[in-house]
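As structure tokens, this is what we get:
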């Protein structure tokens, strides 16, 4: 059973909620996941690009919603994906182009960059992953053009 949006917000500290509100002030899609890969934030840009409302996705696992694939048709969204592993390990998270299926059933290419932030553990014993933020824009037309050029160059 997925937690309600209000419950997810309660699980994040106030500072995290404020940061999410501030970075979501963009037409790009922005969503954030917690350390367990549950979506804790989904902005209006994400809804516009992919068609899912925040009520439909907050509390769900990111890999169940995004289900992304790279250019070689390899699945990139799954439990313990490299982006989450990098964030948990304190390493830089690489950007990538990801093919996803939107709510309308159409596939879209997204250019995605990732970042993360930590918060101090309540016991003062180090830091804990607060959220991994995914910022994306639709790059479908550019990818189609690139793929067409690649096909032409092989002929």
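Residue numbers (this note's numbering): 301 to 455.
Just so you know, even glycine gets a beta-carbon here, dropped at the ideal spot from N, CA and C.
For this session: Could you spell out where the beta strand (DSSP E) holding residue 332 opens and where it closes?
Result: 329–333
Exercise. Counting pairs of Cβ atoms below 8 Å between the stretch 343–358 and the stretch 369–381, do you hit three or more?
Worked result: no
Exercise. Cα separation between residue 452 and residue 417?
Worked result: 43 Å
Problem set entry | residue 389 versus residue 345: straight-line alpha-carbon distance, rounded | 29 Å
For this session: Assign residue 358 to one of three DSSP states: helix, strand, or coil.
Result: coil
For this session: Indicate whether residue 419 and residue 434 have their beta-carbon atoms separated by less than 7 Å.
Result: no
Exercise. By the 10 Å Cβ neighbour count, where 16 or more other Cβ atoms means buried, how is residue 322 classified, buried or exposed?
Worked result: exposed
Exercise. Looking at residue 400 and residue 442, is the spacing between their C-beta atoms short of 7 Å?
Worked result: no
For this session: Identify whether residue 399 lies in helix, strand or coil by the three-state DSSP scheme.
Result: strand
Problem set entry | Classification of residue 404 by the beta-carbon crowding that lies within 10 angstroms, buried from 16 upward | exposed
Problem set entry | Burial state of residue 320 (16 or more Cβ within 10 Å) | buried
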